[in-house]
Amino acid sequence: MIPTLQSYLLLGSGIFCLGLFAALSRRNAVGLLVGIELMANGVNLNLVAFSRFTGLIDYQVFALFSIALTVAEVVVGLAIVILIFRHHRGIDTDLVSEFEG
Amino acid sequence: MSLMPYAFGGLTAVVLVGSIFAASSQNLVRSVLWLGAALIGTAGLFALLNAPFLAGIQLSLYTGGIITLMLFGVMLTDREHAVTRQNPSLNPLGALLVAGTFFALLASAIMNTELPMHMGDFNGSTQAVGLNLLQEHLLAFEALSFLLLAAMVGAIVLARRRDAE
Chain A
1 MIPTLQSYLL LGSGIFCLGL FAALSRRNAV GLLVGIELMA NGVNLNLVAF SRFTGLIDYQ
61 VFALFSIALT VAEVVVGLAI VILIFRHHRG IDTDLVSEFE G
Chain B
1 MSLMPYAFGG LTAVVLVGSI FAASSQNLVR SVLWLGAALI GTAGLFALLN APFLAGIQLS
61 LYTGGIITLM LFGVMLTDRE HAVTRQNPSL NPLGALLVAG TFFALLASAI MNTELPMHMG
121 DFNGSTQAVG LNLLQEHLLA FEALSFLLLA AMVGAIVLAR RRDAE
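Heads up: the protein sequence lines correspond to chains A and B, in order.
Note that the working numbering has the first sequence beginning at 1, numbered continuously upward.
Note that the working numbering has the second sequence beginning at 1, numbered continuously upward.
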């Protein structure tokens, strides 16, 4: 039996929800980024699965855009994390509950 | 074609185990490495879905670039013992409740929706992706390159040491 679109979508939403759990429960900023990365990964899997089961290549191109956006987000996110570390000597998200410049 | 269910099952196990440990590991370095396992498994699933180009991109960009970058992030920003430091969770029960409820919602939506079932031949080759990318989505492609440039410049400006000048 060939795996159906449903199984791929369930797997994708499972990954997304694990990422959501990580993003909600982590206090460390890099852990937060790991969670966001997992969520984006689940979304990409959904897109590629739709590409296969609708026969349209556009979904793959969209997944490519999504991957590039995630990469840009991680790069800027890590730069912000390093900036926060330099300012507060730590990267727990509790430290940045207030911005004072 | 007959091996496909086994490949799907194995890759699903890799992705799920990687995701679970990435989300729950108390050691941040391990968490990032498990994320790498999950991303590699996803690359395999992409290959299974006739998307070889995306599988390659996933491998080189995510597991090659992002994981390395995140490990650098962990090790640069941890004052004490980076590899053994605990990463206490922030109310994990509430987060579990939210994520579980959302998953139940998504699963019921997936199970009750009429989904496309195109099972025939599908040309997902790099050539097809490239033609579609540079013909129909050329403007978005160019905008994306601009965005990547902006992200690069932004990251450099943010992370630069001001006092080093």
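For each residue, glycine too, the CB sits at the ideal point set by N, CA and C.
Opposing strand residues paired with residue i [DSSP bridges]
i	result
residue 92 (chain A)	A:28
Span of the alpha helix (DSSP H), counted from its first residue to its last, around residue i
i	result
residue 30 (chain B)	28 to 48
residue 134 (chain B)	126 to 135
residue 18 (chain B)	4 to 24
residue 105 (chain B)	92 to 111
residue 192 (chain B)	Lying before the first or after the last residue shown, residue 192 (chain B) is absent from chain B, which here runs from 1 to 165.
residue 117 (chain B)	Looking at the DSSP string, residue 117 (chain B) is not in any alpha helix (DSSP H), and its letter there is neither H nor E.
residue 52 (chain B)	52 to 57
residue 67 (chain B)	67 to 77
Expected contact under 8 Å - CB spacing of residue i and residue j to nearest Å
i	j	result
residue 19 (chain A)	residue 36 (chain A)	7 Å
residue 7 (chain A)	residue 40 (chain A)	Incorrect: roughly 20 Å between the Cβ atoms, too far for contact.
residue 58 (chain B)	residue 39 (chain B)	6 Å
residue 2 (chain A)	residue 5 (chain B)	7 Å
residue 59 (chain A)	residue 45 (chain A)	About 11 Å separates the two Cβ atoms, so there is no contact after all.
At least three beta-carbon pairs within less than 8 Å, the stretch 78 to 92 of chain A to the stretch 150 to 159 of chain B
With the cut-off at 8 Å, the stretch 78 to 92 of chain A and the stretch 150 to 159 of chain B touch.
Using 8 Å as the Cβ pair cut-off and three pairs as the minimum, do the stretch 41 to 52 of chain A and the stretch 47 to 64 of chain B touch?
Result yes; three or more Cβ-Cβ pairs closer than 8 Å.
Counting Cβ pairs, one atom from each stretch, are 3 or more of them under 8 Å apart for the stretch 4 to 21 of chain B and the stretch 29 to 45 of chain B?
Short answer: they touch.
Taking one C-beta from the stretch 29 to 46 of chain A and one from the stretch 112 to 123 of chain B each time, how about it: are there three or more such pairs within less than 8 Å?
They do not touch, by the three-pair rule.
Which full runs of the beta strand (DSSP E) of 3+ residues lie inside the stretch 50 to 94 of chain A, going along the chain?
Segments of the beta strand (DSSP E) lying fully in the stretch 50 to 94 of chain A: there are none.
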